[in-house]
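Reading through the structure tokens given below for one structure.
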């Protein structure tokens, strides 16, 4: 399927004079469904590789939960989550490589996808560290909200509404920030030899120019993550590869290239 620009490439950040980034294209509100459909096609074309990465994404949170249950040491959650956030972008890079190989009419392989993780390793590690810093800051703000919340002996649901409202509002702010800086950063770093700042600013610009489609996409991702937790992480075996492949197609649709892309 040939990818065509829907309008002249746009770059809000460049126009504002902040920085020079890779321009984006205009997305349609129906595009997230198309990305899922294309991602599902990729899964069917590479079932073995998809299963491998799906199991990896399911085993990590399961191992964290099992470790806490066995030791009763809840402090292990923080370093475990940090390790997951360090490994997550590299696992996602492997999925992007599978879709990229299909786009180039190559037969994807597990070995090639694993090698893709070190294609732009320095900046990918930097991106992982950026996610960790954001996560730690998020947790510190949540702790501050909890500490400043006045103690009450009235433990009814109504008494917790203000606390829950503030926490939800702050959580939404951090979630939106995460969407802006991470939507397209990883595939940009994997395919293009650019620095982390360029990748992040390009992602921010693309989300800003396509707010409605990207927030629909964020809602789909959130729903899949919730479903994965509700199924005791078993759902991640299918959902994470699907989201990984779909994210690559989102990147193809959103970020411009010098030559038109073709994908079958």
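Residue numbers (the working numbering): 1 to 264.
Virtual Cβ for every residue (Gly too), placed ideally from N, Cα, C.
- Residues of the same chain with a CB within less than 6 Å of the CB of residue 57, apart from the 5 flanking positions on each side, are 236, 240 in chain order.
- The alpha-carbon of residue 172 is positioned some 29 Å away from that of residue 55.
- Beyond the five residues adjoining it in sequence on each side, residue 210 comes within less than 6 Å, by CB distance, of 27 in the same chain, given in chain order.
- Close CB contacts of residue 70 within its chain, under the 8 Å cut and outside five residues either way in sequence, are absent.
- When only Cα atoms are considered, residue 130 and residue 45 end up about 33 Å apart.
- Of all C-beta pairs linking the stretch 120 to 139 to the stretch 183 to 202, three or more are shorter than 8 Å, placing the two stretches in contact.
- Contact between residue 25 and residue 256 holds: CB atoms are separated by about 6 Å, below the 8 Å threshold.
- Counting along the chain, the unbroken alpha helix (DSSP H) around residue 42 starts and ends at 31 to 45.
- Inter-segment contact for the stretch 244 to 251 and the stretch 94 to 101 is present: three or more beta-carbon pairs are separated by less than 8 Å.
- With a beta-carbon spacing of about 21 Å, residue 202 and residue 29 fall beyond the 8 Å limit used to define contacts.
- Assignment of residue 236 by DSSP, reduced to helix, strand and coil, places it in the helix class.
- With 16 or more other CB atoms across the displayed protein chains lying within 10 angstroms of its CB, residue 127 is buried.
- With a 10 Å radius around the Cβ and a threshold of 16 neighbouring Cβ atoms, residue 184 comes out buried.
- DSSP places residue 210 outside both helix and strand once states are collapsed to three, so it counts as coil.
- Annotated three-state conformation of residue 120 is coil, per DSSP.
- For residue 163, the closest of 259, 177, 146 by C-alpha to C-alpha distance is 146.
- Within the same chain, Cβ atoms closer than 8 Å to the Cβ of residue 206 are found at 24, 183, 184, 214, 254, 255, the five residues on either side in sequence being excluded.
- Closest in alpha carbon position to residue 198, among 49, 124, 168, is 124.
- For the pair residue 133 and residue 251, the Cα-to-Cα distance works out to about 24 Å.
- At the C-beta level, residue 100 and residue 248 come within 8 Å of one another.
- Under the DSSP assignment, residue 109 falls outside any alpha helix (DSSP H); it carries neither an H nor an E label.
- Residue 47 and residue 261 have their C-alpha atoms spaced approximately 24 Å apart.
- At the C-beta level, residue 181 and residue 200 come within 8 Å of one another.
- Excluding its 5 nearest sequence neighbours in each direction, residue 90 has C-beta neighbours in its own chain below 6 Å: 117, listed in chain order.
- A Cβ-Cβ distance of about 5 Å is found for the pair residue 110 and residue 49, placing them in contact under the 8 Å criterion.
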